[in-house]
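Worksheet: the structure to be examined is printed underneath.
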Amino acid sequence: MVEERFDMLEVREALKGVFPGGELVYFPETVSTSDEAMARARDGAAEGTFVLAENQTAGRGRRGAAWFADPDTALLFSLVLRPVGKDVSTWARMTSVAALALARTIEDTTGLEPKIKWPNDIYIGGRKSAGILVEAAGDFLVLGIGLNVNTPRCSFPDALQGIATSLRAELGDGIAISRSALLAEFLKKFGECYPSMLSGKGFSRIIPEIEERSMLLNRKAIVYQGKTQLQGIVRGLGDHGELRMEVPPSNHPIEILSADRVRLAVP
Amino acid sequence: MPADTSAPEDPGHFRDRRTLQKKGASRKKSSNSARSTLEYKEIKQIVELMDQHGLTEFELDRDGDKITLRRGPAPGQYTAAPPQGPVPQLQGPVIVPPAQTTTGGSAPADEAPAEVLPTINSPMVGSFYRRPAPDDGPFVKVGDVVDEDTVICIVEAMKVMNEVKAEMCGTITKVLVEDNVAVQFGEALFEIKPS
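Residue numbers (numbering that gives the first Met the number 0), protein chains in the order written: chain A, 0 to 266; chain B, 0 to 194.
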């Protein structure tokens with residue numbers, strides 16, 4: 000089956016609606032959209048520079064982890080951002096803001112119920128459908144997203160069978176979803192959420208919705224980081240999107256800034 | 000798969016919310032204002048000197064009048080909102096100049112004082128990574144010559160991977176933090192001998 004290619008007019012129009020100075024960079028195939036966006040940002044690319052690909056040959060996640068994407072069926076893009084104000088501590092909110100925009104997009108366009116797995120993954124029906132990678136250097140951020148849209152279940156490699164999914168696989172109706180329309184909707188929703196990143200008040204207003212969409216909220220989870228392992232009940236998010244968890248025996252809340260892995264104690 | 004119930008050995012990546020709540024503001028004056036002898040003009044001068052010399056923290060105790068001034072967020076704490084007014088904001092790693100030699104120190108007079116080198120400090124709270132990926136070699140090691148644009152580590156918070164650059168030319172003389180541990184804002188990460 001031949002998959003529909005991106006509609007450049009639709010994508011470009013959506014990008015201009017959010018980032019009027021944004022440049023659209025399109026590749027039928029590239030190594031990694033984030034590699035391309037990082038290179039352009041280092042050379043001074045403006046905020047809104049948007050790298051889109053039909054296929055990645057070496058997509059990556061956090062710390063060099065491989066990111067699988069079936070050619071022509073996923074949404075793979077990276078966006079250069081240059082936040083106003085250089086207080087880098089606020090940049091840690093980027094993953095939460097992007098996750099919220101992506102969850103709203105999936106819900107509104109498909110009717111599915113995506114859940115945010117803190118801080119950067121989107122799950123549907125207990126399986127991962129999207130990942131978010133944010134890389135920062137100097138005065139810019141690159142937001143990278145990979146979302147499985149029309150990927151048939153059988154196309155996932157054996158190692159991902161049962162743990163990865165796509166929107167179309169979850170809908171189960173065999174009808175292809177327009178990746179261009181999905182992307183246009185994401186850009187619109189991201190434009191609405193992005194200003195919340197830089198303001199404490201703005202971010203505090205969206206925290207309740209992010210918590211509501213969390214697959215971990217009020218559940219027992221285990222957090223692994225380096226040699227450290229913690230188990231407790233997730234109670235929400237901190238002021239910068241930290242994972243707030245009650246850990247026995249004292250059960251007083253702690254805030255977790257980073258983790259190699261987080262999983263539910265009882266799936 | 001590790002056992003789920005084992006106690007954490009090192010809760011270094013996790014912040015205790017109660018501890019945070021006890022911490023004071025990043026700029027405080029502990030004396031009674033009625034008997035304060037530190038005037039606004041003097042404080043302004045101190046702030047200007049801190050800016051001039053790139054200092055991140057200053058403490059003064061004069062006849063019971065105490066003042067602590069810090070640039071940027073307090074250690075282990077984020078600023079809740081971008082600072083108002085012309086407060087210096089952090090753009091990259093903080094490079095702390097060597098401490099001033101003090102008179103009356105405890106070092107024996109016949110020993111040359113050890114060379115105190117500047118450090119490159121963390122621009123944010125997060126996890127410190129010496130390597131781009133767990134199986135890769137380190138960004139830099141002791142003896143490496145770096146320049147302003149050399150990426151020396153990554154500090155991560157909430158999966159935002161923040162590249163830290165050396166911001167100066169020199170040779171790395173010490174790595175002060177273990178790989179994959181939590182670091183605070185302003186914590187010294189590397190010692191560097193400027194060239």
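The C-beta atom is built at its ideal place from N, Cα and C for all residues, glycine as well.
Predicted, not measured: the structure shown is a model, and the values here were computed from it.
List, in chain order, every chain A residue whose beta-carbon is nearer than 8 Å to that of residue i.
| i | result |
| --- | --- |
| Gly-125 of chain B | Ala-91, Leu-256 and Ser-257 |
| Asp-135 of chain B | Gly-63 |
| Lys-173 of chain B | Near Lys-173 of chain B there are no residues of chain A at all, since even the closest Cβ is about 21 Å away, more than 8 Å. |
| Glu-162 of chain B | Glu-134, Ala-135, Ala-136 and Gly-137 |
Would you mind telling me which residues of chain A sit closer than 7 Å to residue i, beta carbon to beta carbon, in chain order?
| i | result |
| --- | --- |
| Glu-155 of chain B | Ser-257 |
| Pro-122 of chain B | Val-87 |
Give the interface partners of residue i over in chain B, defined as CB-CB distance under 8 Å, in chain order.
| i | result |
| --- | --- |
| Ser-95 of chain A | Met-157 |
| Glu-210 of chain A | What Glu-210 of chain A touches in chain B: nothing, since even the nearest Cβ is about 14 Å away. |
| Gly-161 of chain A | Chain B residues near Gly-161 of chain A: none, gap ~16 Å exceeds 8 Å. |
Determine the DSSP secondary structure at residue i, reduced to helix, strand or coil.
| i | result |
| --- | --- |
| Ile-123 of chain A | strand |
| Pro-74 of chain B | In this predicted model, Pro-74 of chain B has a pLDDT of only 34, less than 50, meaning its place in the structure is not dependable enough to derive any value. |
| Thr-32 of chain A | helix |
| Ala-106 of chain B | The predicted model places Ala-106 of chain B with a pLDDT of 44, which falls under 50 and marks its position as unreliable; any figure quoted below should be read in that light. The answer is coil: DSSP assigns Ala-106 of chain B none of H, G, I, E or B. |
| Phe-155 of chain A | coil |
| Ser-128 of chain A | strand |
| Phe-189 of chain A | helix |
| Arg-218 of chain A | coil |
| Pro-266 of chain A | coil |
| Leu-256 of chain A | coil |
| Glu-134 of chain A | strand |
| Leu-19 of chain B | With a pLDDT of 30 at Leu-19 of chain B, under the threshold of 50, the predicted position of this residue should be treated as unreliable, though the coordinate-derived value follows. Helix at Leu-19 of chain B. |
| Ala-40 of chain A | helix |
| Ser-32 of chain B | Unreliable placement is indicated for Ser-32 of chain B, whose pLDDT of 39 sits below 50; no coordinate value is reported for it. |
| Glu-184 of chain A | helix |
| Arg-178 of chain A | helix |
| Asp-9 of chain B | Unreliable placement is indicated for Asp-9 of chain B, whose pLDDT of 38 sits below 50; no coordinate value is reported for it. |
| Ala-187 of chain B | strand |
| Ile-194 of chain A | Strictly speaking, residue 194 of chain A in this sequence is Pro, with Ile absent from that position. Reduced to three states, the DSSP call for Pro-194 of chain A is helix. |
| Arg-62 of chain A | helix |
Between which two residues does the beta strand (DSSP E) carrying residue i extend?
| i | result |
| --- | --- |
| Cys-268 of chain B | One cannot answer for residue 268 of chain B here, as it falls past the ends of chain B, which runs 0 to 194. |
| Met-7 of chain A | No beta strand (DSSP E) contains Met-7 of chain A, which is instead part of the alpha helix (DSSP H) from 7 to 17. |
| Glu-162 of chain B | 159 to 164 |
| Arg-234 of chain A | 227 to 236 |
| Glu-245 of chain A | 242 to 245 |
| Arg-167 of chain A | It is not in any beta strand (DSSP E) - Arg-167 of chain A instead sits in the alpha helix (DSSP H) that spans 166 to 170. |
| Ile-119 of chain B | 118 to 120 |
| Ile-144 of chain A | 139 to 147 |
| Ala-163 of chain A | Segment: none, Ala-163 of chain A is in no beta strand (DSSP E) and carries neither H nor E. |
| Phe-127 of chain B | 125 to 128 |
| Ala-52 of chain A | 49 to 52 |
| Leu-74 of chain A | 73 to 80 |
| Gly-169 of chain B | 169 to 174 |
| Ala-181 of chain B | 180 to 182 |
| Lys-116 of chain A | 114 to 116 |
Measuring CA to CA, which of the options is closest to residue i?
| i | options | result |
| --- | --- | --- |
| Asp-172 of chain A | A:Thr-109, A:Ser-213, A:Asn-119 and A:Gly-43 | A:Thr-109 |
| Gly-145 of chain A | A:Ala-264, A:Ala-57 and A:Leu-80 | A:Ala-57 |
| Gln-228 of chain A | A:Asn-217, A:Arg-262, A:Ser-198 and A:Ser-213 | A:Arg-262 |
| Ala-163 of chain A | A:Ser-128, A:Ile-174 and A:Thr-72 | A:Ser-128 |
| Pro-247 of chain A | A:Gly-43, A:Ile-221 and A:Ile-174 | A:Ile-221 |
| Ser-249 of chain A | A:Thr-150, A:Ile-232 and A:Ser-33 | A:Ile-232 |
| Tyr-193 of chain A | A:Met-7, A:Leu-140, A:Arg-62 and A:Gly-225 | A:Leu-140 |
| Glu-28 of chain A | A:Ala-65, A:Gly-21, A:Arg-39 and A:Leu-74 | A:Leu-74 |
| Ala-132 of chain B | A:Glu-46, A:Gly-63, A:Ala-136 and A:Arg-167 | A:Gly-63 |
| Trp-274 of chain A | A:Ala-264, A:Val-265 and A:Ser-257 | Since the displayed chain A opens at 0 and closes at 266, residue 274 of chain A lies outside it and no answer follows. |
| Glu-169 of chain A | A:Phe-49, A:Ala-91 and A:Thr-150 | A:Thr-150 |
| Arg-48 of chain A | A:Leu-236, A:Gln-55 and A:Ala-40 | One point to set straight first is that residue 48 of chain A is Thr, not Arg, in the sequence displayed. If we check each option's Cα against that of Thr-48 of chain A, A:Ala-40 comes out closest. |
| Leu-188 of chain B | B:Val-180, B:Ser-194, B:Val-176 and B:Ala-181 | B:Val-176 |
| Leu-236 of chain A | A:Ile-253, A:Phe-76, A:Ala-52 and A:Gly-143 | A:Ile-253 |
| Val-10 of chain A | A:Arg-212, A:Phe-185 and A:Gln-224 | A:Phe-185 |
| Val-182 of chain B | B:Pro-117, B:Val-124, B:Val-115 and B:Leu-116 | B:Val-124 |
Could you name the residues of chain B that residue i contacts, counting a contact when the two beta carbons are closer than 7 Å?
| i | result |
| --- | --- |
| Pro-118 of chain A | Met-157 and Lys-158 |
| Gly-235 of chain A | Under the 7 Å cutoff, chain B gives no residues; its nearest Cβ is about 11 Å from Gly-235 of chain A. |
| Ala-183 of chain A | Ordered by position in chain B, no residue passes the 7 Å Cβ test against Ala-183 of chain A, which lies about 25 Å from the chain. |
| Ile-245 of chain A | Correcting the residue identity first, residue 245 of chain A is Glu in this sequence and not Ile. Correct list: empty, because the minimum Cβ distance to chain B is about 10 Å. |
Residue i touches chain A at which residues, Cβ-Cβ below 9 Å?
| i | result |
| --- | --- |
| Pro-131 of chain B | Arg-62 and Gly-63 |
| Glu-186 of chain B | The contacting residues do not exist; Glu-186 of chain B stays about 13 Å from chain A at best. |
What are the boundary residues of the alpha helix (DSSP H) that residue i is part of?
| i | result |
| --- | --- |
| Ile-209 of chain A | 199 to 211 |
| Leu-99 of chain A | 93 to 109 |
So which residues of chain B does residue i contact, with C-beta pairs closer than 9 Å?
| i | result |
| --- | --- |
| Gly-240 of chain A | Ala-156 and Met-157 |
*At a Cβ cut of 8 Å, what residues of the stretch 131 to 156 of chain A count as close to chain B, listed as they run along the chain?*
The residues in question are Ile-131, Leu-132, Val-133, Glu-134, Ala-135, Ala-136, Gly-137, Asp-138 and Leu-140.
_Proximal residues, the stretch 24 to 44 of chain A versus chain B, C-beta separation under 7 Å_ = The stretch 24 to 44 of chain A vs chain B, Cβ under 7 Å: nothing.
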